[in-house]
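Engineer: Following the numbering used here from start to finish, the sequence shown increments by one per residue and tops out at 271. Questions regarding the structure given below will be posed in turn.
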Amino acid sequence: MLNKVLIANRGEIAIRIMRACKEFGIATVAVYSDADQQALFVKYADEKYNIGPGPASQSYLNKQKIIDVALKAGAEGIHPGYGFMAENAEFAEMCKKNNIEFIGPPVSAMKLMGSKIDSKKSMIQAGVNVVPGVTEAIADHERAKDIAHEVGYPVMLKASAGGGGIGIVQVNDEQQMEKALATVRQLAKNSFGDDSVFIEKFIDNPRHIEYQVIGDKKGHLIHCFERECSVQRRHQKLIEETPSCALTPELRKEIGTQAVLAAKTAGYYNA
């Protein structure tokens, strides 16, 4: 077991992690920005270190600064919480190079799932059900039109590296395609540094159902059932609730099985 953990986050999630650490007798290290120096999570930690100005880009997203603090404090592990560094494969690799345990998914899983194109290819090979579409990056609008005709309008253009509802556009006919493709590719490049875009069939009035999966490093995985996330604005979730009233017992079981298979395919562990 680790003796000291640095929490690379702020607010309530930092406090929850610290509370869990204290239950196991693990010392905690907080990092905080100038804007958070009086925050409760800072006072709750055993040790605390200022890592820069208020803007997250200069503090909570400053990878090297957080690593430096972890080494200075003698922290054996870093817990990223959610957001910020939680899905940052580069940061996880930096932890590994400095012999610090990254308390999160493995780098390989984050890299695979960080690319919608690559992850979709892997899921198809593993027999996981996916939305009809293609698993290639589309750069030419004529090629995009050909694929859209094969899939059937309307379609969705999606940024492969996208997230948070950014880089998703519905295209209803070929007249919209050229402009839409250029727009999504530029947005993807500006937002994620990757202009790879792919095409999927548009699903009208869908349900957004997520499954939480937990696994250990020995290949054991379980799911904790579903979260109903269909109430959204601009492709971003507003409310999550469970159980979903839309699922039958049979469908609930089937989706759970698929979720665990997807996680195993990605080589996922942790939560």
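Don't be surprised by glycine CBs; every beta carbon is placed ideally from N, CA and C.
For Ile13, which of Ala39, Glu240, Ser244 and Phe24 has the nearest alpha-carbon?
Structural biologist: Within the sequence shown, residue 13 is the residue found at index 13, counting from 1. Here the closest residue by C-alpha is Ala39.
Engineer: Between Asp36 and Arg10, is the Cβ-Cβ spacing less than 7 Å?
Structural biologist: The residue labelled residue 36 in the question sits at position 36 within the sequence shown. The residue labelled residue 10 in the question sits at position 10 within the sequence shown. Going by C-beta atoms, Asp36 is nearer than 7 Å to Arg10.
Engineer: Would you be able to state if there are at least three C-beta pairs under 8 Å between the stretch 194 to 207 and the stretch 147 to 165?
Structural biologist: Segments in contact, yes.
Engineer: In angstroms, rounded to a whole number, what distance separates the CA positions of Asp146 and Ile51?
Structural biologist: Numbered from its first residue, the sequence shown carries residue 146 at position 146. Numbered from its first residue, the sequence shown carries residue 51 at position 51. Spanning the two alpha carbons is a distance of roughly 51 Å.
Engineer: Comparing alpha-carbon positions, which option in Phe91, Ala262, His223 and Ile26 lies nearest Ile214?
Structural biologist: To locate residue 214, count along the sequence shown from 1; it is residue 214. For the residues Phe91, Ala262, His223 and Ile26, the minimum Cα distance to Ile214 belongs to His223.
Engineer: Any contact between the stretch 124 to 133 and the stretch 172 to 188? By contact I mean 3 or more CB pairs, one from each, below 8 Å.
Structural biologist: Verdict: no, contact absent.
Engineer: Identify every residue that forms a DSSP beta bridge with Tyr294.
Structural biologist: This structure cannot speak to residue 294, because the chain is shown only from 1 to 271.
Engineer: Keeping to the same chain, check which residues put their C-beta closer than 6 Å to that of His79; ignore five residues upstream and five downstream.
Structural biologist: For this step, residue 79 is matched to residue 79 along the sequence shown. Contacts found: Val5, Ile7, Ile17 and Ile103.
Engineer: Classify Asn3: buried if its beta carbon has 16 or more other beta carbons within 10 angstroms, exposed otherwise.
Structural biologist: Residue 3 sits at position 3 when you count from the first residue of the sequence shown. Under this definition Asn3 is an exposed residue.
Engineer: Quick test of the definition: if touching needs 3 or more C-beta pairs under 8 Å, does the stretch 200 to 212 touch the stretch 248 to 267?
Structural biologist: The stretch 200 to 212 vs the stretch 248 to 267: in contact.
Engineer: Within a Cβ cutoff of 8 Å, which residues of the same chain sit near Gln236, ignoring the five residues on either side of it in sequence?
Structural biologist: The count along the sequence shown starts at 1 and reaches residue 236 at position 236. Around Gln236: Gly164 and Gly165.
Engineer: From this set, Asp46, Ala89 and Val42, which residue's C-alpha is nearest Gly25's C-alpha?
Structural biologist: Position 25 of the sequence shown, counted from the start, is the residue given in the question as residue 25. Closest by alpha carbon: Asp46.
Engineer: Quick one: Cα of Thr242 to Cα of Glu228, how far?
Structural biologist: Residue mapping note: residue 242 aligns to position 242 of the sequence shown, counting from 1. Residue mapping note: residue 228 aligns to position 228 of the sequence shown, counting from 1. Roughly 6 Å separates the two Cα atoms.
Engineer: Of the choices Lys179, Met123, Ala75 and Ser122, whose alpha-carbon is the least far from that of Ala30?
Structural biologist: Indexing the sequence shown from 1 puts residue 30 at position 30. The shortest Cα separation from Ala30 among Lys179, Met123, Ala75 and Ser122 belongs to Ala75.
Engineer: Who does Lys48 pair with in a DSSP beta bridge?
Structural biologist: As a working mapping, residue 48 is identified with position 48 in the sequence shown. Per DSSP, Ala30.
Engineer: Could you round the C-beta distance between Ala161 and Gly114 to whole angstroms and report it? I think they count as a contact, below 8 Å.
Structural biologist: By one-based count along the sequence shown, residue 161 stands at place 161. By one-based count along the sequence shown, residue 114 stands at place 114. Contact flag correct, Cβ pair sits at about 6 Å.
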